[in-house]
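Trainee: If you use our numbering, the sequence shown closes out at 223, no skipped numbers anywhere.
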Amino acid sequence: MLENLPIYIPVTFGLTTIVTLFLFHRMLANSKSPYTKKHLVTITIVLIVWLIIQAVLTLKDVYNFETDSFPPTILLFGILPPLLTIIILFLTEKGKQLIDSLPLTNITYLNMVRIPVEIVLFWLFLNKTVPELMTFQGRNFDIIAGITAPIVAYFWIVKEKNNRKKILIWNFIGLGLLINIVINAFLSAPTPVQQFGSEQPNIAILNFPFSWLPTFIVPVILFGHLVSIRQLVKE
């Protein structure tokens, strides 16, 4: 864990992770598919176990050990598994069934967690554990997606029913914002491929509880955008 960090920072991020899990659970619970609802508890338990595994790996300094190795340990054991899971879901029939059954409104509201995430990143920058480019003062404008998410969900999805193109554009923009910060965060981490943040590298994501950002929250948001785009394109 990061030393001398104000307690409100990890607490806020921990609560944000819990809220993300809750909103994801609610999204699955509101699925139109009986198959998804049947496996709701199992999926939720798997996600909780995943969070616990990531917490243990981080607290044991697995991700902080030999940061000069390539590929980075967090990429192998924290980031690739959820990415592979997403790919499998989009390639299999049962996965597509789950994806197409998820409510667009819930998926969109889920993006609101990007607001506290960006606030935490700014606090981490002030405490010299991430570079400025990872904040809204630098190259990270991801907070825009979080702020606009409830507006899009309520006015374009709930109140109006014929805004498919607008919602699709919003999702592509949100996906672009996400990819932007992911690339900058990865290239700012203390690894052999580091390109940015040499004076103040991105060390936060290698420590608990902030390792939950690349290993859970980001994959959830990525999944949401991809699901939304698939549903909107199919209409």
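In this text, a Cβ means the ideal position worked out from N, Cα and C, and glycines have one as well.
#1: Applying the 10 Å Cβ sphere with the 16-neighbour rule, what's the burial state of residue 6?
#2: For the alpha helix (DSSP H) that residue 39 lies in, which residues bound it at each end?
#3: Taking DSSP as the reference, what is the three-state secondary structure of residue 130?
#4: Does the structure place the stretch 129 to 142 close enough to the stretch 90 to 101 that three or more beta carbon pairs sit under 8 Å?
#5: Is it true that the stretch 116 to 129 meets the stretch 170 to 178, where meeting means three or more beta-carbon pairs spaced less than 8 Å apart?
#6: Looking at the structure shown, is residue 191 part of a helix, part of a strand, or coil, going by DSSP?
#7: Spatial neighbours of residue 200 within its chain, please: CB distance less than 7 Å, with the 5 preceding and 5 following residues excluded, ordered by chain position.
#8: Taking only three categories from DSSP, how would you classify residue -3?
#9: May I ask you to report which of helix, strand or coil DSSP gives residue 51?
#10: Give, in chain order, every unbroken run of the beta strand (DSSP E) that is at least 3 residues long and sits entirely within the stretch 58 to 123.
#11: Counting pairs of beta carbons, one from the stretch 22 to 35 and one from the stretch 155 to 174, are three or more of them closer than 8 Å?
#12: Short of 6 Å in beta carbon distance, which residues of its chain neighbour residue 213, apart from the five on each side in sequence? Order them along the chain.
#13: Using the rule of at least 16 other Cβ atoms within 10 Å of the residue's Cβ for burial, across every protein chain shown, is residue 128 buried or exposed?
#14: Check each candidate in 141, 151, 54 and 46 and name the one with the smallest Cα separation from residue 230.
#15: Put residue 7 into one of helix, strand or coil per three-state DSSP.
#16: If we ignore side chains and look at the alpha-carbon of each, how far apart do residue 189 and residue 217 end up?
#17: Could you tell me how far apart the beta carbons of residue 144 and residue 153 are, in whole angstroms, since I believe they sit closer than 8 Å?
#18: Please go through the same chain and pick out, in chain order, the residues whose beta-carbon is closer than 7 Å to the beta-carbon of residue 1, but skip the five residues on each side of it.
#19: In whole angstroms, give me the CA-to-CA distance for residue 86 and residue 187.
#20: Taking just the CA atoms, how far does residue 18 sit from residue 62?
#21: Count the other CB atoms within 10 Å of the CB of residue 58; is the residue buried (16 or more) or exposed (fewer)?
#22: Tell me which same chain residues have a C-beta within less than 7 Å of the C-beta of residue 13, skipping the five on either side of it?
#23: Can you name the start and end residues of the alpha helix (DSSP H) that residue 206 belongs to?
#24: Rounded to whole angstroms, what's the CA-CA distance from residue 194 to residue 148? Just pull it up for me.
Mentor: According to the structure data:
#1: exposed
#2: 28 to 47
#3: coil
#4: yes
#5: yes
#6: coil
#7: 5, 39 and 42
#8: helix
#9: coil
#10: none
#11: no
#12: 159, 162 and 163
#13: buried
#14: In this structure the chain extends from -11 to 223, so residue 230 is not present and cannot be described.
#15: helix
#16: 33 Å
#17: No, residue 144 and residue 153 are not in contact; Cβ-Cβ is about 10 Å, not under 8 Å.
#18: 108, 197 and 198
#19: 44 Å
#20: 32 Å
#21: exposed
#22: 32
#23: 206 to 222
#24: 43 Å
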